[in-house]
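Working notes, beginning with the structure itself.
2 protein chains.
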Amino acid sequence: MKSAMKTTLFKRPPPPFFLVLYLFSTLISLSLSSSVYAQRGTGDLGLIIERKTGSVQVLETSNNTLLARIKGLGDLSHASIVYSRDERFAYVFGRDGQLTKIDMLEQKIAAQIKQSGNSIGGAISQDGRLVAVSNYVPGGVKVFDADTLTLVADIPATYGSNGKRSKVVGLVDVPGQKFAFSLWDAGEMWVADFSNPKKPKIQKFKNIGKNPYDALITPDGRYYIAGLFGEDGMAMLDLWHTEKGVKRILPNYGKGEKKLPVYKMPHLEGWTVAGNRAFVPAVGRHEVLVIDTTTWKETGRIKVHGQPIFVMARPDGRNVWVNFAHPNNDTLQIIDTETLKIIKELKPGKAVLHMEFEPRGEELWTSVRGEDRVDVYNTSTFERVKTLPATKPSGIFFTVRAHKVGL
Amino acid sequence: MKSAMKTTLFKRPPPPFFLVLYLFSTLISLSLSSSVYAQRGTGDLGLIIERKTGSVQVLETSNNTLLARIKGLGDLSHASIVYSRDERFAYVFGRDGQLTKIDMLEQKIAAQIKQSGNSIGGAISQDGRLVAVSNYVPGGVKVFDADTLTLVADIPATYGSNGKRSKVVGLVDVPGQKFAFSLWDAGEMWVADFSNPKKPKIQKFKNIGKNPYDALITPDGRYYIAGLFGEDGMAMLDLWHTEKGVKRILPNYGKGEKKLPVYKMPHLEGWTVAGNRAFVPAVGRHEVLVIDTTTWKETGRIKVHGQPIFVMARPDGRNVWVNFAHPNNDTLQIIDTETLKIIKELKPGKAVLHMEFEPRGEELWTSVRGEDRVDVYNTSTFERVKTLPATKPSGIFFTVRAHKVGL
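This is how it looks when you write it as structure tokens:
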């Protein structure tokens, strides 16, 4: 049989048209089969931001491997990411106003727009239909259709009597198809209800404090809290009771009267709420603060290795992991949330910038920018189980965020 | 050019070998392209159990549609489902000892085994590598490789001095690569550590109370609580402090001295922990109990329409939705968790069996078995936004469970 086929193949040259057809079909089959092999679930995917090269790497946490690199995302300083509700697409918010939609299954850019001159972060609506970006220049929030990235609404952050526009920070999604954000120049908080996306309703809260620089929303979506750069204390809005207005909490939270040298204002997204307590990076001090979230009062302080940047709870709330500002940024410390003691210290290497827990908490990924590496730790044994190459990695974001308020 | 090709095609009959090759390639291309069209994210998928026909339907929540029906799953009374960490595969635990692994992307059965004569529920390990099933006949827990469904460990629930085996109930995953379960006949709780899957370490707690019938684990994975059929009160194990042993809580929880007619013991998985409070179906009474989870004492009771079955919190914790036992099972009630008042009552139809919130809580799906329907409600407006056909639907399970302890 085999020799008969050989005979057919070589004895008589085939008509060129059929040969071309055959080759073409084979080519299509091959290219299709590569797509078929890429067919996979998306619940274990994530992205690593490579700031310097304007690229991201696609990762998966089931076998801890890197799947692809996607380039051309512009300036990714302070870039952040949210995910589509099906966990297939990522929205990358660049510093230069670029908004890029990435298809993680096809490992390519699905859509990209330059939506402003300068932007900082964004959010996806509760229903996953709207993507919002907070802009510095021109100051305001733009809201896009999550499918197509076409503009749905433009909210200039105009304040005062002369039509000035404020920089916008701390943009988060709020249950009930809303977004909350803060106005750096104006000292205001706004809540925009997009139940009717063509006609957003905006509620404004004025005089919340001087220069809100970042904000967070608690995991249940109830409390929106902004840090103030211009004074101590924080501004808090109870979103279940907006009629009560914005209140001041934690009067000593901030740079304080001594005006400590602050190497880096801590990220407020790094606030960790576990049960009744929030674990919070102090500003300028080598301390993690413990806050009772029923009273919003400080109940304890934990001495740590440096100025904390991210204070992140393992999903079961039993430990929190802390990284630090320069010059102490080669270290991670792990705190037991019952005893408030440091139970482990790790030295991953130069410039440990970001951490992300796998959804059920068994492993943690961390970016070690100065070593061009991403490391994976077992969170029970604290052993490093994997190390992977990345170019000046910073943020790490997993698709589980698609399912969570405020992430 | 076109006519030249035509000439080539029809003037001279092609050699049969190349024609076959061409057709074969085309066939492959077509079959591959159908797979390619099925490529999609898996974060918005779910399954509906159709008990009577031994089938499930695959659904997606982005557009609220049904994608496929998969048959041949055996007896699905009281069936439950867990998901693989990538949210592509579902493990369906049948009543007749069948364990079926479903590939939701290819919409087919990926693997199936009959692992016992009679089983009730199962769990997936923290790392997603192990699937455990709790069995009545023969009594015990079997643990399988999540990829292949090959047996990894067999734990007969042997108790007492004569080698009897107990029925096993209330099997859940526990952070730290553990499983916890309860022994109906023995009145024991066991915690099995699978850090080394070939050599599980088992910790046994005896005399926990008479006939534990079901159990739950709190969302943080800390407290494992079993309901007792044979006496009032519940048995609680603090998994952070197993050295303290099992304690009795809620001494009045149960059928009580009056021996009320209980139409259906409430599902303990339906316990809802929101902040510091648990909202719990009373047994036999038309009440939802409010429990302080810092003291595990009852702090309030809410009068409701019937004997509650599932009491489920919207992911933001602001409302809880309640369904009821026969003969009041045509109704849903919604409670405001601040005021503890019923703010809405819905009448979906005959036999409302199960509810599942979309991950960020904007919609809720409910199965109306008596009407062969699944309904989708907007959780802000309480309007029904979609209704879909299903054959005697019962449980509804979304892939977000992959990312959560105890689900």
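Line by line, the protein sequences give chains D and U. Note that this note's numbering has the first sequence beginning at 16, numbered continuously upward. Note that this note's numbering has the second sequence beginning at 16, numbered continuously upward. Cβ coordinates follow ideal geometry from the N, Cα and C atoms, glycine included. Since the structure is predicted, the reported quantities are computational estimates derived from the model, not experimental observations.
By a C-beta neighbour count over all protein chains shown, 10 Å radius and 16 as the cutoff for buried, is residue i buried or exposed?
{"i": "G245 (chain D)", "result": "exposed"}
{"i": "L47 (chain D)", "result": "Legend: pLDDT at L47 (chain D) = 47, less than 50; position of this residue unreliable, no value from coordinates given."}
{"i": "D235 (chain D)", "result": "buried"}
{"i": "T314 (chain D)", "result": "exposed"}
{"i": "H418 (chain U)", "result": "buried"}
{"i": "Q218 (chain D)", "result": "exposed"}
{"i": "H256 (chain D)", "result": "exposed"}
{"i": "P342 (chain U)", "result": "exposed"}
{"i": "E371 (chain D)", "result": "buried"}
{"i": "Q322 (chain U)", "result": "buried"}
{"i": "P404 (chain D)", "result": "exposed"}
{"i": "S49 (chain D)", "result": "Low local confidence applies: a pLDDT of 44 at S49 (chain D) is under 50, so the model's placement there is unreliable, with the coordinate-based value given in what follows. Looking at its Cβ environment, which holds fewer than 16 other Cβ atoms inside 10 Å, S49 (chain D) is exposed."}
{"i": "E102 (chain D)", "result": "buried"}
{"i": "S408 (chain D)", "result": "Here residue 408 (chain D) is Pro; the residue named in the question, Ser, does not match the sequence. Looking at its Cβ environment, which holds 16 or more other Cβ atoms inside 10 Å, P408 (chain D) is buried."}
{"i": "L166 (chain U)", "result": "exposed"}
{"i": "N222 (chain D)", "result": "exposed"}
{"i": "Q122 (chain U)", "result": "exposed"}
{"i": "G421 (chain U)", "result": "buried"}
{"i": "N78 (chain U)", "result": "exposed"}
{"i": "K491 (chain U)", "result": "This structure does not reach residue 491 (chain U), given that chain U is present from 16 up to 422, and the question cannot be answered."}
{"i": "T381 (chain U)", "result": "buried"}
{"i": "T428 (chain D)", "result": "Residue 428 (chain D) lies beyond the residue range present for chain D, which begins at 16 and ends at 422; the question has no answer from this structure."}
{"i": "V152 (chain U)", "result": "exposed"}
Would you kindly check if the distance between the Cβ of residue j and the Cβ of residue i is under 9 angstroms?
{"i": "R263 (chain D)", "j": "G299 (chain D)", "result": "no"}
{"i": "I358 (chain D)", "j": "V303 (chain D)", "result": "no"}
{"i": "K129 (chain D)", "j": "D118 (chain D)", "result": "no"}
{"i": "D188 (chain D)", "j": "A147 (chain D)", "result": "yes"}
{"i": "G364 (chain D)", "j": "E386 (chain D)", "result": "yes"}
{"i": "A195 (chain U)", "j": "L254 (chain U)", "result": "yes"}
{"i": "G58 (chain U)", "j": "S140 (chain D)", "result": "no"}
{"i": "L74 (chain D)", "j": "G61 (chain D)", "result": "yes"}
{"i": "I324 (chain D)", "j": "N338 (chain D)", "result": "yes"}
{"i": "A105 (chain U)", "j": "F412 (chain U)", "result": "yes"}
{"i": "G69 (chain U)", "j": "S95 (chain U)", "result": "no"}
{"i": "L81 (chain D)", "j": "I124 (chain D)", "result": "no"}
{"i": "E377 (chain U)", "j": "Q192 (chain D)", "result": "yes"}
{"i": "V107 (chain D)", "j": "V71 (chain D)", "result": "yes"}
{"i": "R76 (chain D)", "j": "E373 (chain D)", "result": "A small fix is needed here, since residue 76 (chain D) is Thr in this sequence, not Arg. Contact flag set, yes."}
{"i": "R384 (chain U)", "j": "L361 (chain U)", "result": "no"}
{"i": "L145 (chain U)", "j": "P227 (chain U)", "result": "no"}
{"i": "A161 (chain U)", "j": "L198 (chain U)", "result": "no"}
{"i": "I170 (chain U)", "j": "K157 (chain U)", "result": "yes"}
Give me the chain D residues within the contact set of residue i, using Cβ-Cβ distance strictly less than 9 angstroms, ordered along the chain.
{"i": "A168 (chain U)", "result": "Here the premise fails: no neighbours, minimum Cβ distance about 19 angstroms."}
{"i": "G315 (chain U)", "result": "The premise fails here: G315 (chain U) is roughly 17 angstroms from chain D at the closest Cβ pair, so nothing lies under 9 angstroms."}
{"i": "G191 (chain U)", "result": "D331, E377 and S395"}
What residues from chain D crowd round residue i, counting only those whose CB sits closer than 8 angstroms?
{"i": "H418 (chain U)", "result": "G58, P374, R375, V415 and H418"}
Just the chain U side, please: which residues come within less than 9 angstroms of residue i by C-beta, in chain order?
{"i": "L120 (chain D)", "result": "Q54, R55 and G56"}
{"i": "S99 (chain D)", "result": "G56, G58, D59 and S77"}
Report the neighbours of residue i on chain U: residues whose CB is nearer than 8 angstroms to its CB, in chain order.
{"i": "E102 (chain D)", "result": "G56, T57, G58, D59 and E102"}
Since residue i meets chain U, which of its residues come closer than 7 angstroms, beta carbon to beta carbon?
{"i": "R333 (chain D)", "result": "W255"}
{"i": "N211 (chain D)", "result": "What N211 (chain D) touches in chain U: nothing, since even the nearest Cβ is about 12 angstroms away."}
Requested in this report: Identify each residue in the segment 235 to 260 of chain D for which the Cβ-Cβ distance to at least one residue of chain U is less than 8 angstroms, and report them in chain order.
Outcome: Those residues of the segment 235 to 260 of chain D that come within reach of chain U (Cβ to Cβ, closer than 8 angstroms) are D235, G236, R237 and W255.
Query raised in the report: So does the segment 172 to 180 of chain U actually touch the segment 226 to 239 of chain U, counting three or more Cβ pairs closer than 8 angstroms?
Result: Verdict: no, contact absent.
Query raised in the report: At a cut of 8 angstroms, does the segment 193 to 213 of chain U reach the segment 383 to 390 of chain D through at least three beta carbon pairs?
Result: With the rule of 3 Cβ pairs closer than 8 angstroms, the segment 193 to 213 of chain U does not count as touching the segment 383 to 390 of chain D.
Report task. Check each residue of the segment 122 to 144 of chain U: if its Cβ is closer than 8 angstroms to any Cβ of chain D, include it; give the result in chain order. Result -> Per Cβ criterion, the list reads Q141, D142 and G143.
Query - Residues in the segment 392 to 414 of chain D having any Cβ partner in chain U nearer than 8 angstroms - result: Correct list: S395 and T414.
Query raised in the report: If we count Cβ pairs, one from each stretch, closer than 8 angstroms, do we get three or more for the segment 286 to 295 of chain U versus the segment 246 to 253 of chain U?
Result: The segment 286 to 295 of chain U and the segment 246 to 253 of chain U do not touch, with fewer than 3 CB-CB distances between them shorter than 8 angstroms.
Query raised in the report: Given a limit of 9 angstroms on CB to CB distance, which residues of the segment 278 to 300 of chain U reach chain B?
Result: In the displayed structure, chain B is absent; the protein chains listed are D and U.
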